[in-house]
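*Asks:* Quick one: the structure is below, and I'll ask about it shortly.
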Amino acid sequence: RVGELTPGGYRRAGAALEVNGDNLERVLIARLMQREPADQETNLQYLIGCYRRASDGMNAASAMADQALGTEVWNACNACRQLVVSYAGNCLLYAMFPDAPSAAQKGVLQLAEEIGKGGVMGEFLEEFGVRFAGDGLDKILAPTFASLHNQVMNLSPLGEVQEPLAAFQRLLTVKSFAKEATRLPNWLPPDAAGASGRAVEASTVLGPFFRTSLIPDIFPSTPGVRQACFSDLANRRPNETANNVRSLQLTMQSIHHSQHQIILGLLKSSDTRERTLEFLTTAVQQNLGRSKMQMNPLQTASHGFMLNMSMVMLKLCEPFLPAGHAGADKIEFSYLAHGRLDNSEETKCMPLEDPAGGGGR
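Numbering (the working numbering), first residue to last: 66 to 426.
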(Lines of atoms letter the chains of each structure in order from A; the text may use other names.)
(Lines give C-alpha, C1' and ligand atoms only; values in the text may rest on other atoms or scores of the structure.)
Protein backbone atom coordinates (compact mmCIF):
# COMPACT_ATOMS: atom_id res chain seq x y z
CA ARG A 66 0.00 0.00 0.00
CA VAL A 67 1.33 3.38 -1.00
CA GLY A 68 0.52 4.86 2.40
CA GLU A 69 2.41 2.17 4.28
CA LEU A 70 5.94 2.91 3.07
CA THR A 71 8.37 3.38 5.94
CA PRO A 72 11.64 5.31 5.87
CA GLY A 73 13.57 2.12 6.50
CA GLY A 74 11.90 0.13 3.76
CA TYR A 75 12.45 2.12 0.59
CA ARG A 76 15.30 0.10 -0.89
CA ARG A 77 16.94 -3.29 -0.51
CA ALA A 78 20.62 -3.80 -1.42
CA GLY A 79 20.69 -0.84 -3.77
CA ALA A 80 17.55 -1.82 -5.70
CA ALA A 81 15.28 0.83 -7.14
CA LEU A 82 12.37 2.16 -5.07
CA GLU A 83 9.39 -0.17 -5.26
CA VAL A 84 7.03 2.81 -5.51
CA ASN A 85 8.13 5.93 -7.38
CA GLY A 86 6.79 8.69 -9.58
CA ASP A 87 6.49 6.33 -12.55
CA ASN A 88 4.18 3.76 -10.97
CA LEU A 89 2.72 5.68 -8.01
CA GLU A 90 -0.63 6.47 -9.58
CA ARG A 91 -1.17 2.87 -10.71
CA VAL A 92 -0.46 1.65 -7.19
CA LEU A 93 -2.86 4.19 -5.69
CA ILE A 94 -5.67 3.30 -8.12
CA ALA A 95 -5.17 -0.41 -7.49
CA ARG A 96 -5.39 0.15 -3.72
CA LEU A 97 -8.59 2.18 -4.02
CA MET A 98 -10.19 -0.37 -6.34
CA GLN A 99 -9.39 -3.37 -4.11
CA ARG A 100 -11.56 -2.61 -1.10
CA GLU A 101 -12.10 -5.36 1.45
CA PRO A 102 -15.80 -5.84 2.37
CA ALA A 103 -15.03 -5.53 6.09
CA ASP A 104 -12.98 -2.34 5.68
CA GLN A 105 -14.81 0.51 7.44
CA GLU A 106 -12.15 3.13 6.68
CA THR A 107 -13.41 5.53 4.01
CA ASN A 108 -11.33 6.42 0.98
CA LEU A 109 -10.99 9.97 2.28
CA GLN A 110 -9.71 8.77 5.64
CA TYR A 111 -7.24 6.47 3.90
CA LEU A 112 -6.00 9.24 1.60
CA ILE A 113 -5.63 11.70 4.48
CA GLY A 114 -3.59 9.02 6.24
CA CYS A 115 -1.48 8.55 3.08
CA TYR A 116 -0.80 12.28 3.02
CA ARG A 117 0.33 12.24 6.64
CA ARG A 118 2.58 9.23 6.11
CA ALA A 119 4.04 10.74 2.94
CA SER A 120 4.80 13.91 4.90
CA ASP A 121 6.54 11.84 7.56
CA GLY A 122 8.48 10.13 4.77
CA MET A 123 9.62 13.50 3.41
CA ASN A 124 10.85 14.51 6.85
CA ALA A 125 12.71 11.22 7.24
CA ALA A 126 14.18 11.51 3.74
CA SER A 127 15.61 14.93 4.56
CA ALA A 128 17.58 13.37 7.43
CA MET A 129 19.00 10.42 5.47
CA ALA A 130 22.77 10.05 5.35
CA ASP A 131 22.58 8.91 1.73
CA GLN A 132 21.61 12.20 0.07
CA ALA A 133 20.93 10.64 -3.32
CA LEU A 134 18.52 8.14 -1.80
CA GLY A 135 17.03 10.85 0.38
CA THR A 136 16.29 13.03 -2.64
CA GLU A 137 14.72 10.11 -4.49
CA VAL A 138 12.54 9.20 -1.51
CA TRP A 139 11.58 12.84 -0.92
CA ASN A 140 10.48 13.26 -4.56
CA ALA A 141 8.45 10.03 -4.44
CA CYS A 142 6.70 11.11 -1.23
CA ASN A 143 6.02 14.58 -2.59
CA ALA A 144 4.51 13.09 -5.75
CA CYS A 145 2.42 10.87 -3.50
CA ARG A 146 1.06 13.87 -1.63
CA GLN A 147 0.02 15.63 -4.83
CA LEU A 148 -1.75 12.53 -6.14
CA VAL A 149 -3.46 11.93 -2.81
CA VAL A 150 -4.88 15.47 -2.77
CA SER A 151 -6.27 15.08 -6.31
CA TYR A 152 -7.83 11.70 -5.59
CA ALA A 153 -9.27 12.90 -2.28
CA GLY A 154 -11.19 15.62 -4.09
CA ASN A 155 -12.25 13.27 -6.88
CA CYS A 156 -13.53 10.74 -4.34
CA LEU A 157 -15.61 13.46 -2.68
CA LEU A 158 -16.98 14.93 -5.90
CA TYR A 159 -17.43 11.93 -8.14
CA ALA A 160 -17.36 8.75 -5.99
CA MET A 161 -14.89 7.18 -8.42
CA PHE A 162 -14.07 4.07 -6.35
CA PRO A 163 -15.83 1.57 -4.06
CA ASP A 164 -16.15 3.12 -0.62
CA ALA A 165 -17.47 2.47 2.86
CA PRO A 166 -21.27 2.81 3.28
CA SER A 167 -20.79 5.83 5.55
CA ALA A 168 -19.01 7.68 2.74
CA ALA A 169 -21.97 7.31 0.40
CA GLN A 170 -24.29 8.66 3.11
CA LYS A 171 -22.19 11.73 3.93
CA GLY A 172 -20.80 12.60 0.50
CA VAL A 173 -18.84 15.84 0.45
CA LEU A 174 -19.66 16.42 4.13
CA GLN A 175 -16.91 13.93 5.01
CA LEU A 176 -14.26 16.63 4.76
CA ALA A 177 -15.83 18.84 7.46
CA GLU A 178 -16.27 15.79 9.69
CA GLU A 179 -12.61 14.86 9.39
CA ILE A 180 -11.62 18.47 10.08
CA GLY A 181 -13.81 18.39 13.18
CA LYS A 182 -11.93 15.32 14.40
CA GLY A 183 -8.66 17.25 14.09
CA GLY A 184 -7.02 14.68 11.87
CA VAL A 185 -6.47 16.79 8.75
CA MET A 186 -3.12 18.51 8.27
CA GLY A 187 -3.15 22.20 7.39
CA GLU A 188 -0.87 21.54 4.43
CA PHE A 189 -3.39 19.04 3.05
CA LEU A 190 -6.18 21.63 3.18
CA GLU A 191 -4.00 24.30 1.58
CA GLU A 192 -3.04 22.02 -1.32
CA PHE A 193 -6.62 20.76 -1.61
CA GLY A 194 -7.98 24.30 -1.89
CA VAL A 195 -5.44 25.32 -4.51
CA ARG A 196 -6.04 22.14 -6.53
CA PHE A 197 -9.85 22.42 -6.64
CA ALA A 198 -10.35 26.21 -6.67
CA GLY A 199 -12.58 26.82 -9.67
CA ASP A 200 -12.78 23.06 -10.24
CA GLY A 201 -15.44 21.87 -7.82
CA LEU A 202 -14.43 23.48 -4.52
CA ASP A 203 -17.72 25.40 -4.44
CA LYS A 204 -19.62 22.10 -4.75
CA ILE A 205 -17.88 20.91 -1.61
CA LEU A 206 -18.14 24.11 0.43
CA ALA A 207 -21.77 25.02 -0.28
CA PRO A 208 -23.32 21.82 1.15
CA THR A 209 -20.70 21.76 3.92
CA PHE A 210 -21.68 25.24 5.06
CA ALA A 211 -25.38 24.36 4.78
CA SER A 212 -24.83 21.34 7.04
CA LEU A 213 -22.95 23.44 9.60
CA HIS A 214 -25.75 26.03 9.45
CA ASN A 215 -28.30 23.36 10.32
CA GLN A 216 -26.20 22.35 13.31
CA VAL A 217 -25.88 25.85 14.82
CA MET A 218 -29.00 27.65 13.63
CA ASN A 219 -31.25 26.93 16.61
CA LEU A 220 -28.64 26.06 19.21
CA SER A 221 -28.26 28.04 22.41
CA PRO A 222 -24.84 28.45 24.07
CA LEU A 223 -25.72 25.38 26.16
CA GLY A 224 -25.74 23.21 23.04
CA GLU A 225 -22.87 21.68 21.07
CA VAL A 226 -22.17 24.88 19.17
CA GLN A 227 -18.39 24.96 19.56
CA GLU A 228 -17.65 22.01 17.27
CA PRO A 229 -19.44 23.29 14.11
CA LEU A 230 -18.18 26.82 14.81
CA ALA A 231 -14.61 25.54 15.10
CA ALA A 232 -14.98 23.51 11.89
CA PHE A 233 -16.23 26.60 10.04
CA GLN A 234 -13.40 28.69 11.44
CA ARG A 235 -10.85 26.05 10.42
CA LEU A 236 -12.24 25.96 6.87
CA LEU A 237 -11.94 29.73 6.52
CA THR A 238 -8.34 29.76 7.73
CA VAL A 239 -7.49 28.14 4.38
CA LYS A 240 -7.01 31.07 2.02
CA SER A 241 -8.47 29.38 -1.06
CA PHE A 242 -11.47 28.11 0.93
CA ALA A 243 -12.18 31.59 2.29
CA LYS A 244 -11.89 33.14 -1.17
CA GLU A 245 -14.28 30.56 -2.61
CA ALA A 246 -16.71 31.11 0.28
CA THR A 247 -17.04 34.81 -0.56
CA ARG A 248 -17.93 33.85 -4.14
CA LEU A 249 -20.82 31.60 -3.17
CA PRO A 250 -24.28 32.91 -4.20
CA ASN A 251 -25.43 33.13 -0.57
CA TRP A 252 -22.47 35.14 0.70
CA LEU A 253 -24.99 37.99 0.62
CA PRO A 254 -28.76 37.44 0.57
CA PRO A 255 -30.47 37.55 -2.85
CA ASP A 256 -31.34 41.15 -3.67
CA ALA A 257 -29.13 42.38 -0.83
CA ALA A 258 -30.47 45.93 -1.04
CA GLY A 259 -34.03 44.74 -0.45
CA ALA A 260 -33.38 41.77 1.82
CA SER A 261 -34.56 41.75 5.42
CA GLY A 262 -32.22 41.70 8.38
CA ARG A 263 -33.61 38.30 9.27
CA ALA A 264 -32.52 37.00 5.85
CA VAL A 265 -28.98 38.24 6.49
CA GLU A 266 -28.96 36.27 9.74
CA ALA A 267 -30.55 33.08 8.44
CA SER A 268 -29.54 32.59 4.82
CA THR A 269 -26.01 33.92 4.31
CA VAL A 270 -22.73 32.04 4.68
CA LEU A 271 -21.73 33.90 7.87
CA GLY A 272 -25.12 34.77 9.36
CA PRO A 273 -26.06 31.57 11.24
CA PHE A 274 -22.69 31.50 13.01
CA PHE A 275 -23.54 34.86 14.62
CA ARG A 276 -26.98 33.82 15.84
CA THR A 277 -26.09 31.83 18.98
CA SER A 278 -27.00 33.94 21.99
CA LEU A 279 -28.36 33.98 25.52
CA ILE A 280 -31.07 36.45 24.51
CA PRO A 281 -34.50 34.92 23.73
CA ASP A 282 -35.83 35.21 20.19
CA ILE A 283 -39.19 34.64 18.49
CA PHE A 284 -37.58 31.50 17.06
CA PRO A 285 -36.47 29.73 20.25
CA SER A 286 -33.12 27.99 20.56
CA THR A 287 -32.37 24.83 22.49
CA PRO A 288 -31.48 23.88 25.15
CA GLY A 289 -33.43 26.72 26.76
CA VAL A 290 -31.09 28.88 28.85
CA ARG A 291 -33.77 30.28 31.12
CA GLN A 292 -35.25 26.87 31.92
CA ALA A 293 -31.86 25.19 32.39
CA CYS A 294 -30.13 27.88 34.44
CA PHE A 295 -32.70 30.19 36.01
CA SER A 296 -35.91 28.26 36.63
CA ASP A 297 -37.19 27.63 40.18
CA LEU A 298 -34.75 30.18 41.62
CA ALA A 299 -36.32 29.99 45.09
CA ASN A 300 -35.16 26.42 45.49
CA ARG A 301 -31.67 26.85 44.04
CA ARG A 302 -28.56 27.31 46.15
CA PRO A 303 -27.28 30.92 46.00
CA ASN A 304 -23.93 29.97 44.52
CA GLU A 305 -25.57 27.74 41.88
CA THR A 306 -27.10 30.70 40.05
CA ALA A 307 -23.85 32.67 40.30
CA ASN A 308 -21.93 29.71 38.87
CA ASN A 309 -24.42 29.42 36.00
CA VAL A 310 -23.99 33.10 35.17
CA ARG A 311 -20.21 32.81 35.18
CA SER A 312 -20.30 29.68 33.04
CA LEU A 313 -22.54 31.38 30.48
CA GLN A 314 -20.25 34.42 30.41
CA LEU A 315 -17.22 32.25 29.71
CA THR A 316 -19.08 30.36 26.99
CA MET A 317 -20.10 33.56 25.23
CA GLN A 318 -16.57 34.94 25.54
CA SER A 319 -15.31 31.85 23.73
CA ILE A 320 -17.97 32.19 21.02
CA HIS A 321 -17.21 35.89 20.55
CA HIS A 322 -13.52 35.09 20.27
CA SER A 323 -14.19 32.59 17.47
CA GLN A 324 -16.51 35.01 15.68
CA HIS A 325 -13.92 37.77 15.95
CA GLN A 326 -11.18 35.51 14.58
CA ILE A 327 -13.35 34.59 11.61
CA ILE A 328 -14.06 38.21 10.64
CA LEU A 329 -10.51 39.36 11.40
CA GLY A 330 -9.04 36.64 9.19
CA LEU A 331 -11.35 37.57 6.33
CA LEU A 332 -10.50 41.27 6.67
CA LYS A 333 -6.75 40.65 6.72
CA SER A 334 -6.74 38.95 3.32
CA SER A 335 -6.96 41.19 0.27
CA ASP A 336 -8.83 38.37 -1.50
CA THR A 337 -11.75 38.46 0.94
CA ARG A 338 -11.66 41.93 2.52
CA GLU A 339 -14.04 43.70 0.13
CA ARG A 340 -16.68 40.98 0.23
CA THR A 341 -16.47 40.86 4.04
CA LEU A 342 -17.02 44.61 4.26
CA GLU A 343 -19.99 44.19 1.93
CA PHE A 344 -21.46 41.61 4.30
CA LEU A 345 -20.93 43.82 7.37
CA THR A 346 -22.46 46.79 5.58
CA THR A 347 -25.48 44.73 4.54
CA ALA A 348 -25.92 43.36 8.07
CA VAL A 349 -26.09 46.91 9.46
CA GLN A 350 -28.02 48.55 6.63
CA GLN A 351 -30.76 45.91 6.49
CA ASN A 352 -31.32 46.14 10.23
CA LEU A 353 -31.94 49.88 10.44
CA GLY A 354 -35.52 48.97 11.30
CA ARG A 355 -34.29 48.07 14.76
CA SER A 356 -33.96 51.78 15.54
CA LYS A 357 -37.75 52.25 15.37
CA MET A 358 -39.91 52.47 18.47
CA GLN A 359 -41.63 49.27 17.35
CA MET A 360 -39.54 47.02 15.16
CA ASN A 361 -40.78 44.05 13.17
CA PRO A 362 -39.02 40.95 14.59
CA LEU A 363 -39.76 39.01 11.41
CA GLN A 364 -37.97 41.58 9.27
CA THR A 365 -35.02 42.42 11.51
CA ALA A 366 -32.29 40.14 12.81
CA SER A 367 -32.48 38.80 16.35
CA HIS A 368 -31.14 40.69 19.37
CA GLY A 369 -28.49 38.00 19.76
CA PHE A 370 -27.23 38.37 16.19
CA MET A 371 -26.84 42.13 16.53
CA LEU A 372 -25.20 41.83 19.95
CA ASN A 373 -22.69 39.34 18.58
CA MET A 374 -21.94 41.58 15.61
CA SER A 375 -21.46 44.53 17.98
CA MET A 376 -19.06 42.54 20.15
CA VAL A 377 -17.00 41.59 17.10
CA MET A 378 -16.88 45.20 15.92
CA LEU A 379 -15.68 46.33 19.36
CA LYS A 380 -13.00 43.63 19.37
CA LEU A 381 -11.82 44.84 15.97
CA CYS A 382 -11.40 48.30 17.50
CA GLU A 383 -9.42 47.12 20.52
CA PRO A 384 -5.95 47.59 18.95
CA PHE A 385 -6.39 51.36 18.54
CA LEU A 386 -8.72 52.17 21.45
CA PRO A 387 -6.01 52.87 24.09
CA ALA A 388 -5.31 56.60 24.46
CA GLY A 389 -2.23 57.74 22.61
CA HIS A 390 -2.06 54.65 20.40
CA ALA A 391 0.37 55.20 17.53
CA GLY A 392 -2.13 54.04 14.92
CA ALA A 393 -4.91 56.43 15.94
CA ASP A 394 -3.63 59.19 13.64
CA LYS A 395 -4.14 56.87 10.65
CA ILE A 396 -7.91 56.67 11.21
CA GLU A 397 -9.90 58.58 8.62
CA PHE A 398 -12.72 59.97 10.75
CA SER A 399 -14.59 61.39 7.77
CA TYR A 400 -15.24 57.77 6.75
CA LEU A 401 -18.00 57.68 9.39
CA ALA A 402 -19.91 60.35 7.49
CA HIS A 403 -18.98 59.41 3.93
CA GLY A 404 -18.28 55.68 4.18
CA ARG A 405 -20.31 52.65 3.12
CA LEU A 406 -23.32 53.28 5.36
CA ASP A 407 -26.07 55.73 4.47
CA ASN A 408 -26.23 58.18 7.39
CA SER A 409 -28.47 60.72 5.66
CA GLU A 410 -31.40 59.99 8.01
CA GLU A 411 -29.35 60.07 11.19
CA THR A 412 -29.67 63.05 13.53
CA LYS A 413 -26.39 64.98 13.45
CA CYS A 414 -24.72 67.06 16.13
CA MET A 415 -23.72 69.65 13.54
CA PRO A 416 -24.72 70.25 9.91
CA LEU A 417 -22.59 68.85 7.13
CA GLU A 418 -23.69 71.70 4.87
CA ASP A 419 -25.06 75.20 5.18
CA PRO A 420 -28.45 74.85 6.96
CA ALA A 421 -29.83 77.61 4.74
CA GLY A 422 -29.11 75.43 1.75
CA GLY A 423 -31.07 72.51 3.17
CA GLY A 424 -28.08 70.63 4.56
CA GLY A 425 -27.82 68.10 7.35
CA ARG A 426 -29.85 68.20 10.53
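We put the CB at the ideal spot given by N, CA and C, even for glycine. In this text, all values refer to a predicted model and were calculated from it rather than measured experimentally.
Straight-line CA distance for D131 to A119?
*Replies:* Working through the sequence shown from its first residue, we reach residue 131 at position 66. Working through the sequence shown from its first residue, we reach residue 119 at position 54. Straight-line Cα distance between these residues: approximately 19 Å.
*Asks:* Determine the DSSP secondary structure at T341, reduced to helix, strand or coil.
*Replies:* The sequence position of residue 341 within the sequence shown is 276, counting from 1. Residue state, collapsed to three classes: helix.
*Asks:* Are F210 and A246 closer than 9 Å when you measure CB to CB?
*Replies:* As a position in the sequence shown, residue 210 is number 145, starting the count at 1. As a position in the sequence shown, residue 246 is number 181, starting the count at 1. Result yes, Cβ atoms of F210 and A246 sit closer than 9 Å.
*Asks:* Please classify E410: does DSSP put it in a helix, a strand, or coil?
*Replies:* Translated into positions along the sequence shown, residue 410 becomes position 345. The answer is coil: DSSP assigns E410 none of H, G, I, E or B.
*Asks:* Measuring alpha carbon to alpha carbon, tell me which residue in C142, Q175, Q170 is nearest A153.
*Replies:* Indexing the sequence shown from 1 puts residue 153 at position 88. Closest by alpha carbon: Q175.
*Asks:* Smallest Cα separation from N88: which of C142, T287, M123?
*Replies:* Mapped onto the sequence shown, residue 88 falls at position 23. Checking every option, the nearest Cα to that of N88 belongs to C142.
*Asks:* As a quick exercise: from E410, L157, V138, pick the residue whose alpha carbon is nearest that of S356.
*Replies:* Numbered from its first residue, the sequence shown carries residue 356 at position 291. It is E410.
*Asks:* Among the candidates V185, L406, N373, whose CA atom is the shortest distance from the CA of V149?
*Replies:* Taking the first residue of the sequence shown as 1, we reach residue 149 at position 84. Among V185, L406, N373, the Cα nearest to that of V149 is on V185.
*Asks:* When we look at the beta-carbon of G262 and count the other beta-carbons within 10 Å, is it buried (16 or more) or exposed?
*Replies:* What you label residue 262 is simply residue 197 of the sequence shown in a count that begins at 1. Counting Cβ neighbours within 10 Å, G262 comes out buried, since at least 16 surround it.
*Asks:* Rounded to whole angstroms, what is the Cα-Cα separation between K244 and D336?
*Replies:* By 1-based counting over the sequence shown, the position of residue 244 is 179. By 1-based counting over the sequence shown, the position of residue 336 is 271. C-alpha separation (whole angstroms): 6 Å.
*Asks:* Give the DSSP-derived three-state secondary structure of T287 in the structure shown.
*Replies:* Position 222 of the sequence shown, counting from 1, holds the residue named residue 287. In this structure, T287 counts as strand in the three-state DSSP scheme.
*Asks:* Does DSSP put L298 in a helix, a strand or coil?
*Replies:* On the sequence shown, residue 298 is found 233 positions in, with the first residue counted as 1. Three-state DSSP puts L298 in a helix.
*Asks:* Please name the residue, chosen from M371, T107, D121, that lies closest to I280 on a Cα-to-Cα basis.
*Replies:* Position 215 of the sequence shown, counting from 1, holds the residue named residue 280. For I280, the nearest C-alpha among the options comes from M371.
*Asks:* I need the DSSP call for L220, collapsed to helix, strand or coil.
*Replies:* Counting from 1 along the sequence shown, the entry for residue 220 is found at position 155. Of the three classes helix, strand and coil, the one that applies to L220 here is strand, per DSSP.
*Asks:* So, do the region 159-179 and the region 217-226 have three or more beta carbon pairs nearer to each other than 8 Å?
*Replies:* The region 159-179 vs the region 217-226: no contact.
*Asks:* Which of the three DSSP states is assigned to A207 in this structure?
*Replies:* Numbered from 1 along the sequence shown, position 142 holds the residue referred to as residue 207. A207 falls in the helix class under three-state DSSP.
*Asks:* At which residues does the alpha helix (DSSP H) containing G262 begin and terminate?
*Replies:* Position 197 of the sequence shown, counted from the start, is the residue given in the question as residue 262. Segment 262-268, the alpha helix (DSSP H) holding G262.
*Asks:* Going by the CB atoms, is the gap between L345 and M374 shorter than 9 Å?
*Replies:* Taking the first residue of the sequence shown as position 1, residue 374 is located at position 309. Taking the first residue of the sequence shown as position 1, residue 345 is located at position 280. In contact: M374 and L345 (Cβ atoms closer than 9 Å).
*Asks:* Helix, strand or coil for R96? Go by DSSP, reduced to three states.
*Replies:* Start at 1 with the first residue of the sequence shown, and residue 96 comes out as number 31. Three-state DSSP puts R96 in a helix.
*Asks:* Nearest to I283 by alpha carbon, out of F233, F274, H368, Q351?
*Replies:* Start at 1 with the first residue of the sequence shown, and residue 283 comes out as number 218. The option with the nearest alpha carbon to I283 is H368.
*Asks:* Give the single residue among A393, K380, V349 whose Cα lies nearest to the Cα of G404.
*Replies:* Mapped onto the sequence shown, residue 404 falls at position 339. Looking at the Cα atoms, V349 is the closest of the given residues.
*Asks:* Taking Cβ to Cβ, would you say M161 is nearer than 9 Å to L97?
*Replies:* Along the sequence shown, one-based indexing puts residue 161 at 96. Along the sequence shown, one-based indexing puts residue 97 at 32. In this structure, L97 lies closer than 9 Å to M161 by Cβ.
*Asks:* Grouping DSSP H, G and I as helix and E and B as strand, with all else coil, what is I320?
*Replies:* What you label residue 320 is simply residue 255 of the sequence shown in a count that begins at 1. Here I320 sits in helix by DSSP.
*Asks:* Which of the three DSSP states, helix, strand or coil, is assigned to P273?
*Replies:* Here residue 273 is taken as the residue at index 208 of the sequence shown, counted from 1. Three-state result, P273: helix.
*Asks:* Can you tell me whether S241 is buried or exposed, with buried defined as 16 or more other CB within 10 angstroms of its CB?
*Replies:* Start at 1 with the first residue of the sequence shown, and residue 241 comes out as number 176. So S241 counts as buried.
*Asks:* Check the C-beta distance from L236 over to I180 and give it rounded, since I have them as a contact under 8 Å.
*Replies:* Position 171 of the sequence shown, counting from 1, holds the residue named residue 236. Position 115 of the sequence shown, counting from 1, holds the residue named residue 180. About 7 Å; that satisfies the 8 Å criterion.
*Asks:* Leaving out the 5 sequence neighbours to the left and right, which residues in its chain are closer than 8 Å to I205 when beta-carbon positions are compared?
*Replies:* Here residue 205 refers to the residue found at position 140 when the sequence shown is read from its first residue. Only G154, L157, L158, V173, L176, F197 meet the Cβ criterion.
*Asks:* Note down the Cα distance separating G187 from L379, rounded to an integer number of angstroms.
*Replies:* Position 122 of the sequence shown, counted from the first residue, corresponds to residue 187. Position 314 of the sequence shown, counted from the first residue, corresponds to residue 379. Going from the Cα of G187 to the Cα of L379 covers about 30 Å.
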